[in-house]
Amino acid sequence: MTDYRERGEAEAAFLQELERIGEGYTDRIRKNVPLAQYTTMRVGGAADLLFEPKSLTEAALVYKAALCSRIPCMILGNGSNLVISDDGIEGLVIRLGESFAQIWTERDPEQDGATLVHAYAGALLSKTAMTCAKEGLAGAEFAAGIPGSVGGAVHMNAGAYGGQMSDIVWRTVYLDANTGDLSVLTGDQHAFSYRDSFFLRNNGVILSVILRVFPGDRDAILSRIAELSQKRSASQPLTMPSAGSVFRRPEGYFAGTLIQECGLKGLSEGGAAVSEKHAGFIVNTGNATATDVWRLMNRVRDEVYNRRGVRLEPEILFVGRGFTEGSR
Ligand SMILES: Cc1cc2nc3c(=O)[nH]c(=O)nc-3n(C[C@H](O)[C@H](O)[C@H](O)COP(=O)(O)OP(=O)(O)OC[C@H]3O[C@@H](n4cnc5c(N)ncnc54)[C@H](O)[C@@H]3O)c2cc1C
């Protein structure tokens, strides 16, 4: 029997529950796993515990064990909208990776010409959009350049160039954050609005999603994706680590334009800097810490508020020890 006395009570209860379930889960829980490698910002500390489920059943069993033992539990997608604390993440991180990447399509039995695109939550959004494009299905072009997973994109209703997930998401299968039970949301139940959804307020684990899209001209879809990709690489610092747009779009303004107008391009804190290419991005110039990004984000917020009277709200999520204020 493993000795868990050195760990917190909740963690011990969790590990004991896994040991009771058996199936070798305890051996697959990794301890003190550095997470920067799993994020696009490339900063932050370690997860106390990390589990990468290989199936829906595994995800459900381990999540339920986490809920029962009251250990904090966070879901990691492709890590492209996150800044992880330098002091790491307390409790369990469940990462939906390669085993959750399947995408397949079927004609909608409703016979209205729609195609249903099934995607597991860990599938890359870009790959999902390209699957649609190659099959001549229109509607997901906006998503081709967003570097998140399908689960992460539904979680915050990701969007770009006039499209957003709410335009195409039909149904989501997830694990409820209170009971751990398998649950389903359809249509309006997702409560989507600008960069917001049911999941931002209720948590839970998104397991798979069904998109509903319609046939279009394959060449036109592919050339729209190429056009958007060009626009993106011309305007965004895609060759440097970042977590995308730092701030939500304030009513009546563009965050990047406000920051640029305040002369803040290039402003830095340690290894974090406001991008010279797009003022709405903070980039890791090589040796940034999460604290650098946090401090710089707050300096930019204060400067814009003092000079323009506009309060910027972060779009990126600051997660882990010490990040409570300012994380959404
Ligand atoms: C260069 C760059 C460009 C970007 N451009 C855009 C853009 O144009 N539009 C846009 O909207 N975003 C953009 N982003 C931000 C980011 O790609 C999106 O927000 C994306 O949807 C995040 O998905 P993810 O899988 O990386 O989520 P993560 O960063 O891993 O997680 C984000 C949040 O979602 C939760 N989450 C993730 N997966 C699940 C799941 N399966 N179940 C429950 N919760 C989950 C996490 O717990 C966390 O709270 C950009 C980022 C970068 C780096």
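Mapping of the sequence shown onto the working numbering: position 144 corresponds to residue 140, and the numbering continues sequentially without gaps.
Every residue, glycine too, gets a C-beta built ideally from N, C-alpha and C.
Reference D108; option with closest CA among G267, S193, P211: Stepping through the sequence shown from its first residue, residue 108 is reached at position 112. Out of G267, S193, P211, P211 has the C-alpha closest to the C-alpha of D108.
Inter-stretch contact (C-beta, 8 angstroms, three-pair minimum) for the stretch 179 to 190 and the stretch 219 to 227: The stretch 179 to 190, when compared against the stretch 219 to 227, does not touch it at the 8 angstroms Cβ threshold.
Distance between Q232 and I142 (C-alpha atoms, nearest Å): Residue numbering aside, residue 142 sits at position 146 when the sequence shown is read from its first letter. Residue numbering aside, residue 232 sits at position 236 when the sequence shown is read from its first letter. C-alpha separation (whole angstroms): 12 angstroms.
V102 (DSSP reduced to helix, strand or coil): What you label residue 102 is simply residue 106 of the sequence shown in a count that begins at 1. Before going further, note that residue 102 is Glu rather than Val in the sequence given. Strand, per DSSP.
Span of the beta strand (DSSP E), counted from its first residue to its last, around S179: As a first step, residue 179 is located in the sequence shown; it is residue number 183 there, counting from the start. In the DSSP assignment, S179 falls within the beta strand (DSSP E) that extends over 178 to 182.
For T35: DSSP bridge partner residues: Counting from 1 along the sequence shown, the entry for residue 35 is found at position 39. DSSP lists no partner for T35.
Bounding residues of the beta strand (DSSP E) (the contiguous stretch that carries F319): Mapped onto the sequence shown, residue 319 falls at position 323. Note, F319: premise wrong, no beta strand (DSSP E); not H, not E.
Inter-residue CB distance, A140 and V209 (contact presumed, cutoff 8 angstroms): Within the sequence shown, numbered from 1, the residue matching residue 140 stands at position 144. Within the sequence shown, numbered from 1, the residue matching residue 209 stands at position 213. With a Cβ gap of about 13 angstroms, A140 and V209 do not count as contacting.
For I67, the three-state DSSP class (helix, strand or coil): Reading the sequence shown from its first residue, position 71 is the one you call residue 67. The answer is coil: DSSP assigns I67 none of H, G, I, E or B.
Closer than 7 angstroms: H151 CB and nearest ligand 1 heavy atom: To locate residue 151, count along the sequence shown from 1; it is residue 155. At least one heavy atom of ligand 1 is nearer than 7 angstroms to the Cβ of H151, so yes.
Distance, Y301 Cα to V150 Cα: To locate residue 150, count along the sequence shown from 1; it is residue 154. To locate residue 301, count along the sequence shown from 1; it is residue 305. For V150 and Y301, the distance between alpha carbons rounds to 30 angstroms.
Distance between D163 and A42 (C-alpha atoms, nearest Å): If you number the sequence shown from 1, residue 42 lands on position 46. If you number the sequence shown from 1, residue 163 lands on position 167. Taking the straight line from one Cα to the other gives about 36 angstroms.
Check: F195 C-beta below 7 angstroms from any heavy atom of ligand 1: Numbered from its first residue, the sequence shown carries residue 195 at position 199. Answer for F195: yes, Cβ within range of ligand 1.
The stretch 287 to 296 / the stretch 264 to 275 touching (three or more Cβ pairs under 8 angstroms): yes
Cβ-heavy atom distance, S179 to ligand 1, below 7 angstroms: Within the sequence shown, the letter at position 183 stands for residue 179. Incorrect: S179 has no Cβ contact closer than 7 angstroms to ligand 1.
Reduced DSSP category for F10 - H, G, I as helix; E, B as strand; rest coil: Translated into the one-based positions of the sequence shown, residue 10 becomes position 14. Of the three classes helix, strand and coil, the one that applies to F10 here is helix, per DSSP.
Residue from I71, A110, L88 whose Cα sits closest to the Cα of F96: Working through the sequence shown from its first residue, we reach residue 96 at position 100. The shortest C-alpha separation from F96 is found at I71.
Stretch-stretch touch, CB-based, cutoff 8 angstroms, three pairs: the stretch 73 to 81 with the stretch 14 to 22: no
Completely contained alpha helix (DSSP H) runs for the stretch 217 to 304, where each covers 4 or more residues: 251 to 257, 286 to 304
Residues that R91 bridges to, as DSSP identifies them: Here residue 91 is taken as the residue at index 95 of the sequence shown, counted from 1. Bridge partners of R91: L72.
Buried/exposed call for A230, threshold 16 Cβ in 10 Å: The count along the sequence shown starts at 1 and reaches residue 230 at position 234. Counting Cβ neighbours within 10 Å, A230 comes out exposed, since fewer than 16 surround it.
Collapsed DSSP secondary structure at E131 in the structure displayed: For the purposes of this step, residue 131 is taken as residue 135 along the sequence shown, with counting starting at 1. If DSSP states are grouped into helix, strand and coil, E131 belongs with coil.
Range of the contiguous beta strand (DSSP E) that encloses V165: Along the sequence shown, one-based indexing puts residue 165 at 169. Its beta strand (DSSP E) spans residues 165 to 171.
Own chain partners of M161 with C-beta closer than 6 angstroms, once the 5 adjacent residues on each side are dropped: Here residue 161 is taken as the residue at index 165 of the sequence shown, counted from 1. These residues qualify, in order along the chain: A149, V150, N153, A154.
Assigned secondary structure, I206 (DSSP; H/G/I helix, E/B strand, else coil): As a working note, residue 206 is residue 210 in the sequence shown. In this structure, DSSP gives I206 an extended state, which the three-state scheme calls strand.
Proximity winner among T101, E106, G262, relative to T124 (alpha-carbon distances): Here residue 124 is taken as the residue at index 128 of the sequence shown, counted from 1. Residue T101 is the option with its Cα nearest to T124.
CA-to-CA distance, T235 to L254, given in whole angstroms: Taking the sequence shown and counting its residues from 1, the one referred to as residue 254 is at position 258. Taking the sequence shown and counting its residues from 1, the one referred to as residue 235 is at position 239. Distance between the alpha carbons of L254 and T235 is about 23 angstroms.
Length of the line joining the Cα atoms of G240 and L313: Counting from 1 along the sequence shown, the entry for residue 240 is found at position 244. Counting from 1 along the sequence shown, the entry for residue 313 is found at position 317. Taking the straight line from one Cα to the other gives about 11 angstroms.
Supposed contact pair I67 and L88 - C-beta distance, whole angstroms, cut 8 angstroms: As a position in the sequence shown, residue 88 is number 92, starting the count at 1. As a position in the sequence shown, residue 67 is number 71, starting the count at 1. The Cβ separation is near 5 angstroms, so the contact holds.
Alpha-carbon spacing of A9 relative to D23, whole angstroms: Residue mapping note: residue 9 aligns to position 13 of the sequence shown, counting from 1. Residue mapping note: residue 23 aligns to position 27 of the sequence shown, counting from 1. Looking at the two C-alpha atoms, the distance is approximately 15 angstroms.
Which of helix, strand or coil DSSP assigns to T22: If you number the sequence shown from 1, residue 22 lands on position 26. T22 falls in the helix class under three-state DSSP.
A78 Cβ short of 7 angstroms to ligand 1 heavy atom set: Here residue 78 is taken as the residue at index 82 of the sequence shown, counted from 1. First, the amino acid is wrong: residue 78 is Leu here, not Ala. Within the cutoff, so yes.
Identified DSSP bridge partners for I80: On the sequence shown, position 84 is the one that residue 80 refers to. Bridge partners of I80: V315.
Cα-Cα separation, V279 to P246: On the sequence shown, residue 279 is found 283 positions in, with the first residue counted as 1. On the sequence shown, residue 246 is found 250 positions in, with the first residue counted as 1. So the two alpha carbons sit approximately 21 angstroms from each other.
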